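Just so you know, the sequences run in chain order A and B. Mind the numbering: the first sequence is residues 0 to 241 in numbering that gives the first Met the number 0, read in order. Mind the numbering: the second sequence is residues 0 to 244 in numbering that gives the first Met the number 0, read in order. Glycine is no exception: its CB is placed at the ideal position from the N, C-alpha and C atoms. Values in this document were obtained by computation on a predicted structure and should not be read as measured data.
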Amino acid sequence: MAFLGARPLLDAASGSVVVAAEEAPNPWFDPSYVTANWSTIVGYAGQHVRLTIGAVLLGALIALPLALLARRTRWLSGPVLGLSTIVYTIPSLAMFAFLAPYTGPLSATTVLVGLTLYTLVILVRNFLAGLQAVPPDVREAARGMGYGPARLFLQVDLPLALPAFMAGLRIATVSTVALVTVGVITGNGGLGQLIIGGFNSNFYRAEIVTGALGCVLLALTADLLLAGAERLLTPWTRAVRA
Amino acid sequence: MNDFRDAFVYLNDPFNWTRPGGILDLLVEHLTISVLAVLAAAALAVPLGILIATTGRGSGAVVVVSNVSRAIPTLALLTVFAVTPIGFGPRATTIALAVFAVPPILTNTFVGFRGVDADVREAARGMGLSRGQVIRRVDLPLALPLVMTGLRTAAVQVVATASLAALVAGGGLGQIITLGFGQQDYGQMIAGALLVALLALATEAVLVLVSWAVTPGRRRLPFPPRRRDRTPAGEPEATAVGVPS
């Protein structure tokens, strides 16, 4: 038998040998797969993007007040950071398994909530670091000039902490894009569906690689977009450097 | 809370622990894969990090590697290695995890050795220490906290990611979770999640203690309250933090 190394599977009914992986051509990348399944790929990519944006936005919306609160009340910042370390350490698969009984084992909500927790943890740390790095003198001067709390935040804290905020958003976005794939356990893994789908369809490499490359491309695109946004939002940093 | 009770019933059944393919078997498999992966990665990344930091060549590559590795999903790498001629199973999982453990170790080793005061190094050279002696007796003790941070980050990441191997038939404790999802058995799902999460937290705690024990000089536990004295203002400690996996 020439193909013994090719992982032959014994077909129980006929007793003949069915060749699984290597015998049939199984290229790493196949343009015809991409063109033939374009709408499926785009659909999963759309879900991937939606989950990422949802998780990062929700995480940012919750993280900002938390970071402001943790800065204001000193004793809170310890517990907030400690708790965030613990959440950070919990593996995503376990996180989804914890959530599944409450948010549905086959629903995208499970993935969204789990990913939001991770982005929340990343963002709280970065937001807090950014806010704490604002020089107290500057804040005091602004307060002495009659700035109220809202104006102080919008016109003093926010611009000064913006680089740290954006750094946090970039890390959160890139790692979320990678983590969405684990959502495959609930059937809502975005491009991760292609990765596991290809694995389950007799190790179909073209599908796996398409999913994997799609994830990397999404992450890099998102990172570039956020970097561009940061450049646009903080023109003064470039003026200083020049 | 009913599901949590089911989880404890599952965990309280000795048969679930001791039967072949039970929790103990899976735990041993999980730990074997993780330890091998981290050791293999450390054997490659620590010398490489030292080399790059002391020669100063290829430091741009370190930054690129540590940034790009964030964007590659662990699941993708696990799957890709499983469909190579290596075949799916513990071996492919170990290799994939080792690849993933390299960037945190490499980055932290590089930053640690880079950060050694050049004056200290020069003084050691002036006292007649050879290049190798400087690395072993001067650089290493000073860089050790960061090297250990890299190892800890990598180990926690690997232990966490090893649970994903269950999705590609790679073994480990994640199988309890995937089986729970497959059977819609919430108790088993939560039991597996508890085991995997506790293992990751325990890994973190043990390695914190280990790095506390091996670090020379003034000892400070990195548990909270974590001081932000060494991080530059407005910049979170990028090298010490991994990514959730």
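Separation of the CB atoms of Leu76(B) and Val110(B) is rounded to 24 Å, and the pair is thereby denied contact status at 8 Å. Cβ proximity to chain B below 8 Å picks out Gly197, Phe198, Phe202, Arg204, Ile207, Val208, Gly210 from the region 196-210 of chain A.
Annotation for Leu116(A): Val86, Met94 place their beta carbon closer than 7 Å to its own, counting only its chain and skipping 5 residues before and after. Below the 8 Å Cβ cutoff, chain B contributes Asp2, Tyr185, Met188, Ile189 as neighbours of Pro100(A), in chain order. Residue contact with chain A for Leu200(B): present (Cβ-Cβ distance below 8 Å to some residue of chain A). Between Thr214(B) and Leu139(B), the C-beta spacing is not below 8 Å. Straight across, the Cα-Cα distance linking Leu26(B) with Leu141(B) is about 35 Å.
Close CB contacts of Val183(A) within its chain, under the 8 Å cut and outside five residues either way in sequence, are with Gly191, Gln192, Ile194, Ile195 (chain order). Around the beta carbon of Phe28(A), fewer than 16 other beta carbons lie within 10 angstroms, which makes this residue exposed.
Put simply, the CB of Leu92(A) is near chain B, with a gap under 8 Å to one of its CB atoms. Closer than 8 Å to the CB of Ser174(A) there is at least one CB belonging to chain B.
When C-beta distances to chain A are compared with 9 Å, the residues of the region 53-75 of chain B below that value are Asn66, Val67, Arg69, Ala70, Ile71, Pro72, Thr73, Leu74, Ala75, in chain order. DSSP, reduced to helix, strand and coil, places Tyr101(A) within a helical segment of the structure shown. Rounded to the nearest angstrom, the Cβ distance from Ala149(A) to Val55(A) is 24 Å, too far for a contact under 8 Å. In this structure, Ala205(A) and Tyr32(A) form a Cβ contact; the two beta carbons are roughly 4 Å apart against a cut-off of 8 Å. About 5 Å separates the beta carbons of Asn187(A) and Val110(A), which is inside the 8 Å limit, making them a contact pair. The residues Leu67, in chain order, have a CB closer than 8 Å to that of Phe152(A) in the same chain once the five nearest residues on each side in sequence are set aside. With 16 or more other CB atoms across the displayed protein chains lying within 10 angstroms of its CB, Tyr185(B) is buried.
For the pair Ala159(B) and Val123(A), the Cα-to-Cα distance works out to about 22 Å. Under the three-state reduction of DSSP, Asp184(B) is assigned to coil, being neither helix nor strand. With a threshold of 16 other beta carbon atoms within 10 Å, Phe14(B) falls short and is exposed. The beta carbon of Pro234(A) sits no closer than 8 Å to any beta carbon of chain B. Taking the C-beta atoms as reference points, Leu96(B) is found nearer than 8 Å to Ala161(B). Taking 8 Å as the cut-off, the beta carbon of Ala166(A) is found no closer than this to the beta carbon of Ala218(A). For Leu219(A), the closest Cβ of chain B is nearer than 8 Å. Using a CB distance below 8 Å, no part of the region 99-123 of chain B faces chain A. Contact of Ala107(A) with chain B is not assigned, every C-beta pair being separated by 8 Å or more. Buried is the label assigned to Leu114(A), since at least 16 other Cβ atoms lie within 10 Å of its Cβ.
When only Cα atoms are considered, Gly86(B) and Ser68(B) end up about 23 Å apart.
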